[in-house]
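K.L.:
Below you can see the structure in the form of structure tokens.
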């Protein structure tokens with residue numbers, strides 16, 4: 009294509025329609041237009057980087073808002089459905105992250121907790137007791153908050169050849 013443009017320019021020059029100075033000026037402008045402008049490209053690059061930073065910041069902010077909303081929702085679920093332990097006098101010990109924790113419960117609460125009809129959940133540094141449907145809702149939002157959600161099938165009865173079948177280990181052994 010440039011050769012055709014050059015041929016046209018040469019023909020116009022021979023015909024006397026343009027002067028050699030005009031030809032040089034046009035070539036110079038064409039080169040200048042094709043050369044990228046450093047200031048404009050730097051400004052465009054800065055704008056693209058700013059847009060990328062803003063987008064990342066907005067994503068972080070949105071994620072933080074979602075975490076706060078989930079935490080508030082979990083807190084509200086626990087406060088609305090926790091069992092009253094004001095008259096609790098029996099200690100219940102359980103494992104939490106490799107540490108043995110102690111929680112005081114009433115006798116009925118302790119039995120229900122051991123039977124799986126109540127579930128322990130974490131609320132900050134404290135532990136509360138809630139019904140299983142509420143614990144499942146909490147586990148959907150943040151599984152780390154549920155301390156005991158025993159979904160394992162119950163143990164099978166001892167077999168006939170078990171030498172310790174006559175000596176069952178009690179679940180409510182108090183130390």
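Numbering (our numbering), first residue to last: 9 to 183.
C-beta atoms are modelled at their ideal positions from N, C-alpha and C, and glycine is treated no differently.
Here the structure is a predicted model, which means the values were calculated and not measured.
Have a look at 132, 76, 85 and 155 and flag the residue whose alpha-carbon is nearest the alpha-carbon of residue 142.
P.N.:
Comparing Cα positions, the closest option is 85.
K.L.:
Among 75, 79 and 139, which residue has its Cα nearest to the Cα of residue 123?
P.N.:
Distances from the alpha-carbon of residue 123 to those of 75, 79 and 139 put 139 closest.
K.L.:
Kindly list the residues whose CB is nearer than 7 angstroms to the CB of residue 149, restricted to its own chain and excluding five residues on each side of it in sequence; keep chain order.
P.N.:
78, 81 and 82
K.L.:
Use the C-beta contact count for residue 117: other C-beta atoms within 10 angstroms, 16 or more gives buried, fewer gives exposed.
P.N.:
buried
K.L.:
Could you tell me which of 89, 115 and 172 sits nearest to residue 137, measuring between CA atoms?
P.N.:
89
K.L.:
Measure the C-alpha to C-alpha separation of residue 130 and residue 175 and round it to an integer number of angstroms.
P.N.:
35 angstroms
K.L.:
From residue 71 to residue 51, what distance separates their C-alpha atoms?
P.N.:
30 angstroms
K.L.:
If you reduce the DSSP assignment to three classes, tell me which class residue 104 lands in.
P.N.:
strand
K.L.:
Take residue 87 as the anchor and find which of 15, 29, 134 and 110 has the nearest alpha-carbon.
P.N.:
Out of 15, 29, 134 and 110, 134 has the C-alpha closest to the C-alpha of residue 87.
K.L.:
Would you say residue 24 faces chain C, with C-beta separation under 8 angstroms as the test?
P.N.:
In summary, chain C is missing from the structure at hand, where a single protein chain is found.
K.L.:
Can you tell me which of the three DSSP states residue 136 falls into?
P.N.:
strand
K.L.:
Looking at residue 111 and residue 100, is the spacing between their C-beta atoms short of 8 angstroms?
P.N.:
In terms of Cβ geometry, residue 100 and residue 111 form a close pair [threshold 8 angstroms].
K.L.:
What does the Cβ neighbour count give for residue 127, buried or exposed, with the cut at 16 atoms within 10 Å?
P.N.:
buried
K.L.:
Give the secondary structure of residue 26 by DSSP, where H, G and I count as helix, E and B as strand, and everything else as coil.
P.N.:
coil
K.L.:
Sort out for me which residues DSSP pairs residue 112 with in a bridge.
P.N.:
Residue 112 has 99 as its beta-bridge partners, per DSSP.
K.L.:
Output the boundary residues of the beta strand (DSSP E) element that contains residue 177.
P.N.:
No beta strand (DSSP E) contains residue 177, which DSSP labels as neither H nor E.
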